[in-house]
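Under UniProt numbering, read the sequence shown as residues 1 to 112, first letter to last.
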Amino acid sequence: MSPLYMLLAFLGMVVLTIPALGTDFPPYYTKPPPKYYKPPKYKPPYYKPPYYKPPYKKPPPKYSKPPVPIYKPKPPTYKRPPTLPPIVGKPKPYKPYPPYGHYPGHPPVEVP
Numbered sequence: 001m002s003p004l005y006m007l008l009a010f011l012g013m014v015v016l017t018i019p020a021l022g023t024d025f026p027p028y029y030t031k032p033p034p035k036y037y038k039p040p041k042y043k044p045p046y047y048k049p050p051y052y053k054p055p056y057k058k059p060p061p062k063y064s065k066p067p068v069p070i071y072k073p074k075p076p077t078y079k080r081p082p083t084l085p086p087i088v089g090k091p092k093p094y095k096p097y098p099p100y101g102h103y104p105g106h107p108p109v110e111v112p
């Protein structure tokens with residue numbers, strides 16, 4: 001390229017980069033103002049299928065914590081029977097039981 005073309009290209013780029021000289025079109029597109037009022041176009045409402053929503057459950061009431069009880073020892077529920085005194089003397093001699101029916105209050109049983 002000859003130096004003249006390069007000089008012209010350089011000057012052209014300089015002219016286009018200067019904002020006052022390079023404004024042959026608007027920097028951003030502006031919408032022209034409407035000439036008359038135009039009502040908005042009717043759009044049918046978008047149908048949303050209902051989704052399962054669990055019923056609202058009220059949370060349980062929050063009670064204040066009961067005070068820490070003061071330790072009181074409880075009386076024992078079981079009372080041990082008193083210990084028996086040791087057996088002193090000779091044991092009674094063994095006496096066999098009488099046959100059935102000879103206990104007091106029973107009639108005597110007749111053996112066939």
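Ideal Cβ placement from N, Cα and C applies to all residues, glycine included.
Keep in mind that this is a model prediction, so the values were computed, not measured.
{"query": "Thr83, DSSP secondary structure in three states", "result": "coil"}
{"query": "Helix, strand or coil at Pro49 [DSSP, three-state]", "result": "coil"}
{"query": "Inter-residue Cα distance where the pair is Val68 and Thr83", "result": "40 Å"}
{"query": "Secondary structure of residue 189, DSSP reduced to three states", "result": "The chain is shown only over 1 to 112; residue 189 falls outside these bounds and no answer can be derived."}
{"query": "Helix, strand or coil at Lys17 according to DSSP, with G and I counted as helix", "result": "As written in the sequence, residue 17 is Thr, which differs from the Lys given in the question. Three-state DSSP puts Thr17 in a helix."}
{"query": "Per-residue DSSP class, three states only, for Gly12", "result": "helix"}
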